[in-house]
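Those letters in the sequence shown? Residues 50 to 247, per the working numbering, in order. Using N, Cα and C, we set each Cβ at its ideal position, and we do this for glycine too. This one's a predicted model, so the numbers in the text were calculated from it and none came from an experiment. First comes the structure, then the notes that go with it.
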Amino acid sequence: MREIDCRGLACPQPVLETKEALEGLSEGEVLRVLVDNEAAVQNVSRFVSSQGYPLQVREEAGYFILEVVKKGRGRPVEGVSCERPEGIFRVILVDSDRMGEGDEELGRKLMVNFLQTLPQVSPLPQALIFYNRGVFLTVEGSPVLSALRELEGKGVKILSCWTCLSHYDLEDKLRVGQASNMYEILSLLMRADRVLRP
């Protein structure tokens, strides 16, 4: 068994450390990952699951222990589970709660209209990634939660940058999609045929 201590490491370091450690393990070996926050548990768990490895998680003395058994050859990270309409993988990046420059109130209205209209468009993107002030659109009180939930119900992945949520003290207010890390976000962007920004 190999153990790595990722307590105190900022996103996406626990995922990167886990990936590197798994690459160095032989078939059947066990990796024990120590983390100290729920976001790291979720991020590492999603990564391990995307690789097809069995995982057990338990909490002990104020931190979490994730045990991974390296079985099989693993597989590439699957950031999105939806089909690729017309063979094109689309990602929309949302870095603000406003659309465009100029009047702030108008910008907010435009962004709300954009996201409320998006579920009616075809083909849909495979993922929406919210970062910086864009995360305000995925948290409690956002005027577009129902539209984002509708998109999620149609198979669109909704990701919010954990570092951004944390920066704005919104970690406990996320109401749609899931908190993500830079490794997962970059993996999606590198796979995308088209990246759009409203």
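task = Return the first residue and the last residue of the beta strand (DSSP E) that Lys206 is part of.
result = Looking up residue 206 in the sequence shown gives position 157. Its beta strand (DSSP E) spans residues 206–210.
task = Verify whether the separation of the beta carbon atoms of Leu83 and Arg107 is less than 7 Å.
result = To locate residue 83, count along the sequence shown from 1; it is residue 34. To locate residue 107, count along the sequence shown from 1; it is residue 58. The answer is no: Cβ separation not under 7 Å.
inquiry  = Here's a check: name, in chain order, each residue in its chain whose Cβ is nearer than 7 Å to the Cβ of Leu238, leaving out the five neighbours to either side.
reply    = The residue you call residue 238 lines up with position 189 of the sequence shown. Cβ within range, chain order: Val140, Val244.
task = Rounded to whole angstroms, what's the CA-CA distance from Val118 to Leu194? Just pull it up for me.
result = What you label residue 118 is simply residue 69 of the sequence shown in a count that begins at 1. What you label residue 194 is simply residue 145 of the sequence shown in a count that begins at 1. Computed Cα separation, rounded: 37 Å.
message = Quick check: the region 163–170 against the region 222–233, are at least 3 beta-carbon pairs closer than 8 Å?
response = no
ask   = For Ile137, does the three-state DSSP call read helix, strand or coil?
value = Counted from its first residue, the sequence shown places residue 137 at position 88. Note: Ile137 maps to coil in three-state DSSP.
inquiry  = Taking the alpha-carbon of Glu109 as reference, which of Asn92, Gln91, Phe96, Asp85 has the nearest alpha-carbon?
reply    = As a working mapping, residue 109 is identified with position 60 in the sequence shown. Nearest of Asn92, Gln91, Phe96, Asp85 to Glu109, Cα basis: Asp85.
message = Could you pull the DSSP bridge partners for Ala176 from this structure?
response = In the sequence shown, counting from the first residue as 1, residue 176 sits at position 127. The partner list for Ala176 (beta bridge, DSSP) reads Val140, Lys206.
query = Considering only residues of the same chain and omitting the five flanking positions on each side of Asp144, which have a CB-CB separation below 6 Å?
reply = Within the sequence shown, the letter at position 95 stands for residue 144. For Asp144, where only same-chain residues beyond five positions count, the Cβ hits under 6 Å are Tyr180, Asn181, Gly183.
ask   = Do Ala228 and Leu219 have their C-beta atoms within less than 7 Å of each other?
value = Taking the first residue of the sequence shown as 1, we reach residue 228 at position 179. Taking the first residue of the sequence shown as 1, we reach residue 219 at position 170. For Ala228 and Leu219, no; Cβs fall outside 7 Å.
task = Using three-state DSSP, classify Tyr232 as helix, strand or coil.
result = Taking the sequence shown and counting its residues from 1, one reaches residue 232 at position 183. Looking at Tyr232 - three-state DSSP - the assignment turns out to be helix.
inquiry  = Under DSSP, the beta strand (DSSP E) around Glu108 begins and ends at which residues?
reply    = Position 59 of the sequence shown, counted from the first residue, corresponds to residue 108. That run of the beta strand (DSSP E) goes 104–109.
query = CA-CA distance, Trp211 and Leu223?
reply = Looking up residue 211 in the sequence shown gives position 162. Looking up residue 223 in the sequence shown gives position 174. So the two alpha carbons sit approximately 10 Å from each other.
request  = Specify the secondary structure class of Glu78 as computed by DSSP and reduced to three states.
outcome  = Reading the sequence shown from its first residue, position 29 is the one you call residue 78. Three-state result, Glu78: coil.
key: Residue span of the beta strand (DSSP E) that contains Met245, given as start and end   = Here residue 245 refers to the residue found at position 196 of the sequence shown. A small correction: the amino acid at residue 245 is Leu; Met does not occupy that position in the sequence shown. Residues 243–245.
message = Given a cut-off of 7 Å on the beta-carbon distance, is the pair Ile137 and Asp242 in contact?
response = Taking the sequence shown and counting its residues from 1, one reaches residue 137 at position 88. Taking the sequence shown and counting its residues from 1, one reaches residue 242 at position 193. Against a cut-off of 7 Å, the Cβ pair of Asp242 and Ile137 comes out as a contact.
ask   = Is it buried or exposed for Arg246, if we count other Cβ within 10 angstroms and need 16 for buried?
value = Along the sequence shown, one-based indexing puts residue 246 at 197. Exposed is the call here.
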